[in-house]
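J.: One structure, pasted below without further comment.
Numbering (the numbering used here), first residue to last: 448 to 979.
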């Protein structure tokens, strides 16, 4: 006797992609339904309501009809499902036709699982009883901007997983225990190594397709973004269960489900009119892949951080790479609003703080502490250079003698002007050293991240004559980019060059003396007064 399970995780964009497997929620729905004759269990491992272009406008509401059309039987919450807060999430969850689990996090206010999730769930298929647990890791729980650490109680996933699996087998008399998890693979491995009573681990959080066998059980990650799912066949024998796994690619051979396609159109129309505006053009590909941007410096990270630096007259810009969400190569050529919002789908507030050299060093240590894991805390920077040794233990990887701020070496006692996300200044993603620093520019005073990037493109259009400057007021044009951007633009159009050493990326233009031509551009072309 065999039972079929269809599993997926980490889906953000309902639209199809430009290359195979093209995915898309409506086509994904058709692919799932193609297995209806097998009466499958459909299970989901978290992250669907955010982030995405559409979710910026809808908070993820478009995923409710999608999930219900899929026929999901059970799901575990992921970290990004909390992006718009617990209230929104609980409202959306009750509109779905299946239960959500979060077995090891308790809301201290209610004494119940966070977001009204369930602890366990049982269901039957073809005469076999299945017990399902939903487990998450503490690492991402600490990064949630919408939840304070002291508002919840976290239970170790190994201890809780063992207790609940035993309960399901001994008290509920289930035949098979499945853990739906939203954790990094090393934590899934730890769970498999230490909990004999769990039979199968269906994971999320890692945007990859991966199968591991640990301690006699399978751990499975089923890709991302409606492009793939897993077909798992469990064959129950007299004394064992045989597991067969098939990777199903959602290609263009599947037609979009017409009912869901029509349902999603009303959400698409909200943003479609604005998303195809061309902001500018790039002469090189931009690398936003998680495998790159969460392990090393990339040109996309440099681009965003350089703009942050110049927009706020800061000494240093630091951005956690988890902010940059596209997970793809952006090809050279026209760069649209759709591209920008795919990279920066959230409304990210900035903050300028005064930070000591010692605190900055600690921040960098935290940023590289999880390498080579693809963690979102990995830093993208501007205004500084540093190096780290991944062979050394976390906390000892960044040698301060190799850190330079502009043209000068870091001094622990020196105060620096740092622009970063307000999120990180709450100590999120492990950046505890940024907490309690003196605020130089508040969230209300700082521009929003996506806005300053748009302004940067607009400033280039003004400087190159593509767009006419209609007013002397700076807010219409170069108010957020000014001198640094002027240097960059003038280099691009060939009016002069700034020497850059070959051994390091130069991110210190804002600290250098600028040629007089920049002042003339600001005075005559931009009509912008100099600010301190």
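Ideal Cβ placement from N, Cα and C applies to all residues, glycine included. Here the structure is a predicted model, which is why all the values come from computation and not from measurement.
Residue 815 lies in the alpha helix (DSSP H); which residues open and close that run?
T.: Taking the chain shown and counting its residues from 1, the one referred to as residue 815 is at position 368. DSSP places residue 815 inside the alpha helix (DSSP H), whose first and last residues are 804 to 815.
J.: Start and end of the alpha helix (DSSP H) containing residue 863?
T.: Stepping through the chain shown from its first residue, residue 863 is reached at position 416. Residue 863 -> not in any alpha helix (DSSP H); beta strand (DSSP E) instead, spanning 862 to 868.
J.: Leaving aside the five residues before and after residue 482 along the sequence, list all residues of the same chain whose C-beta is less than 8 Å from its C-beta, in chain order.
T.: Working through the chain shown from its first residue, we reach residue 482 at position 35. Correct list, in chain order: 451, 453 and 678.
J.: Give me, in chain order, the residues of the same chain whose beta-carbon lies closer than 8 Å to that of residue 948; leave out the 5 immediate sequence neighbours on both sides.
T.: The residue labelled residue 948 in the question sits at position 501 within the chain shown. Residue placement at residue 948 is poorly supported in this model, since its pLDDT is 29, which falls under 50; the coordinates still yield a value, given next. No residues qualify anywhere along the chain.
J.: Return helix, strand or coil for residue 826, following the three-state DSSP convention.
T.: Within the chain shown, the letter at position 379 stands for residue 826. Looking at residue 826 - three-state DSSP - the assignment turns out to be strand.
J.: For residue 887, collect the residues of the same chain with a Cβ closer than 8 Å to its Cβ; drop the 5 residues on either side in sequence, then sort them by chain order.
T.: Mapped onto the chain shown, residue 887 falls at position 440. Excluding positions up to five away in sequence, the list reads 799, 800, 801 and 864.
J.: Rounding to the nearest angstrom, what Cα-Cα distance links residue 597 and residue 608 in this structure?
T.: Translated into the one-based positions of the chain shown, residue 597 becomes position 150. Translated into the one-based positions of the chain shown, residue 608 becomes position 161. Cα-Cα distance, rounded: 22 Å.
J.: Quick check on DSSP: helix, strand or coil for residue 626?
T.: Start at 1 with the first residue of the chain shown, and residue 626 comes out as number 179. Looking at residue 626 - three-state DSSP - the assignment turns out to be strand.
J.: CA-CA distance, residue 548 and residue 851?
T.: In the chain shown, residue 548 corresponds to position 101, counting from 1. In the chain shown, residue 851 corresponds to position 404, counting from 1. Each residue's alpha carbon lies about 47 Å from the other.
J.: Short of 6 Å in beta carbon distance, which residues of its chain neighbour residue 877, apart from the five on each side in sequence? Order them along the chain.
T.: Indexing the chain shown from 1 puts residue 877 at position 430. Within the same chain, residue 877 has close Cβ partners 813 and 824.
J.: Which same chain residues end up closer than 8 Å to residue 477 when comparing Cβ atoms and leaving out the 5 residues on each side of it in sequence?
T.: Counting from 1 along the chain shown, the entry for residue 477 is found at position 30. Here the set comprises 701, 702, 703 and 704.
J.: My guess is that residue 897 and residue 788 are in contact by the Cβ rule of under 8 Å, so how many angstroms apart are they, rounded?
T.: Counting from one through the chain shown, the residue named residue 897 turns up at place 450. Counting from one through the chain shown, the residue named residue 788 turns up at place 341. That belief holds up - the Cβ atoms of residue 897 and residue 788 are roughly 7 Å apart, short of 8 Å.
J.: So the alpha helix (DSSP H) residue 674 belongs to, where does it begin and stop?
T.: As a working mapping, residue 674 is identified with position 227 in the chain shown. From DSSP, residue 674 is part of no alpha helix (DSSP H); its letter is neither H nor E.
J.: Out of curiosity, what's the CA-to-CA distance linking residue 917 and residue 784?
T.: Along the chain shown, one-based indexing puts residue 917 at 470. Along the chain shown, one-based indexing puts residue 784 at 337. Confidence is the limiting factor: at residue 917 the pLDDT is only 48, short of 50, which leaves the residue's position unreliable and the question unanswerable from this model.
J.: So residue 858 packs on residue 780, CB below 8 Å; how close in whole Å?
T.: Numbered from its first residue, the chain shown carries residue 858 at position 411. Numbered from its first residue, the chain shown carries residue 780 at position 333. Not quite, the Cβ-Cβ distance comes to about 43 Å (not below 8 Å), so this is no contact.
J.: Count Cβ pairs between the segment 816 to 823 and the segment 737 to 755 that sit closer than 8 Å; are there 3 or more?
T.: yes
J.: I need the DSSP call for residue 521, collapsed to helix, strand or coil.
T.: Numbered from 1 along the chain shown, position 74 holds the residue referred to as residue 521. In the structure shown, residue 521 sits in a strand (DSSP, three-state: E or B).
J.: Going by DSSP, which residues form a beta bridge with residue 856?
T.: If you number the chain shown from 1, residue 856 lands on position 409. Answer is 851, bridged to residue 856.
J.: Which partner residues does residue 831 have in the DSSP bridge list?
T.: As a first step, residue 831 is located in the chain shown; it is residue number 384 there, counting from the start. Paired residue(s): 852.
J.: Looking at the strands, I want to know which residues DSSP matches up with residue 456.
T.: Walking along the chain shown from the start, residue 456 turns up at place 9. Looking at the DSSP assignment, residue 456 forms no beta bridge with any residue, so it has no partner.
J.: Considering residue 477, what are the terminal residues of the beta strand (DSSP E) in which it resides?
T.: Stepping through the chain shown from its first residue, residue 477 is reached at position 30. In the DSSP assignment, residue 477 falls outside any beta strand (DSSP E) and lies within the alpha helix (DSSP H) extending over 472 to 480.
J.: Does the contact criterion of 3 or more C-beta pairs under 8 Å hold for the segment 614 to 631 versus the segment 584 to 593?
T.: Taking 8 Å as the limit for Cβ pairs, the verdict is that the segment 584 to 593 does touch the segment 614 to 631.
J.: Going by DSSP in three states, residue 888 sits in which element: helix, strand or coil?
T.: Position 441 of the chain shown, counting from 1, holds the residue named residue 888. Residue state, collapsed to three classes: strand.
J.: Measuring CB to CB, does residue 907 end up less than 7 Å from residue 758?
T.: Translated into the one-based positions of the chain shown, residue 907 becomes position 460. Translated into the one-based positions of the chain shown, residue 758 becomes position 311. Against a cut-off of 7 Å, the Cβ pair of residue 758 and residue 907 comes out as no contact.
J.: Looking at the structure shown, is residue 784 part of a helix, part of a strand, or coil, going by DSSP?
T.: Indexing the chain shown from 1 puts residue 784 at position 337. Three-state DSSP puts residue 784 in a helix.
J.: Please name the residue in 635, 488 and 861 whose C-alpha comes closest to that of residue 680.
T.: Counting from 1 along the chain shown, the entry for residue 680 is found at position 233. Taking only the C-alpha atoms, the option nearest residue 680 is 488.
J.: Can you name the start and end residues of the beta strand (DSSP E) that residue 550 belongs to?
T.: Numbered from 1 along the chain shown, position 103 holds the residue referred to as residue 550. No beta strand (DSSP E) holds residue 550; DSSP gives it neither H nor E.
J.: What would DSSP say about residue 883, mapped onto helix, strand or coil?
T.: Along the chain shown, one-based indexing puts residue 883 at 436. Three-state DSSP puts residue 883 in coil, outside helix and strand.
J.: Restricting to Cα atoms, I'd like to know which of 561, 517 and 527 is closest to residue 537.
T.: Within the chain shown, residue 537 is the residue found at index 90, counting from 1. For residue 537, the nearest C-alpha among the options comes from 561.
J.: DSSP beta-bridge partners for residue 734?
T.: As a first step, residue 734 must be located in the chain shown, where it is residue number 287. Answer is 776.
J.: Is the distance from the Cβ of residue 774 to the Cβ of residue 736 below 7 Å?
T.: Here the question's residue 774 lines up with position 327 in the chain shown. Here the question's residue 736 lines up with position 289 in the chain shown. It is a contact, given that the beta carbons lie within the stated cut-off.
J.: What whole-angstrom Cβ distance do residue 612 and residue 645 have, given they're in contact under 8 Å?
T.: On the chain shown, residue 612 is found 165 positions in, with the first residue counted as 1. On the chain shown, residue 645 is found 198 positions in, with the first residue counted as 1. Indeed they touch by this definition, with Cβ atoms about 5 Å apart.
J.: Any chance the segment 509 to 524 sits against the segment 539 to 558, with 3 or more Cβ pairs inside 8 Å?
T.: yes
J.: Could you tell me which of 732, 843, 862 and 718 sits nearest to residue 792, measuring between CA atoms?
T.: Stepping through the chain shown from its first residue, residue 792 is reached at position 345. The shortest Cα separation from residue 792 among 732, 843, 862 and 718 belongs to 718.
J.: Just mark residue 664 as buried or exposed, buried being the case when its beta carbon has 16 or more other beta carbons within 10 Å.
T.: Walking along the chain shown from the start, residue 664 turns up at place 217. By the neighbour-count rule (16 or more Cβ atoms within 10 Å), residue 664 is buried.
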